[in-house]
Amino acid sequence: MEHEHDDSCDHDFEEPLVNMPSRPRRNRRTPAMRRMVREHRLSPDHLIWPLFLIDGQDRAEP
C-alpha cells in the first residue's frame with residue numbers, strides 16, 4: 724500500500740524533531756519521579772504463582 728505525499732505537512736520524519744546533546748534532568752529531581760520514568764525492571768516480586776483449580780472436592784493432580 725502506497726501513501727501519497729502531502730506537501731501541507733511541515734514535519735520531516737527522517738530527521739529528529741529535537742537535537743538534544745544531553746538529556747535534561749528537570750523532570751527527574753525527586754526519587755518518586757525517577758522511579759516513575761525509569762526503564763522497566765522485572766523482579767521476582769512482580770511474578771505470580773500459577774494456580775489451577777480443578778472442579779470437584781479434595782482433588783489434587785500434579
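For what it's worth, my numbering labels the leading residue of the sequence shown as 724, then goes sequentially. Don't be surprised by glycine CBs; every beta carbon is placed ideally from N, CA and C.
- Between R757 and R764, the C-beta spacing is not below 8 Å.
- Across the structure, G779 and I771 are spaced so that their CA atoms are roughly 24 Å apart.
- Shown here, P767 sits in a helix according to DSSP, grouped into three states.
- DSSP places P773 in no alpha helix (DSSP H); its state is neither H nor E.
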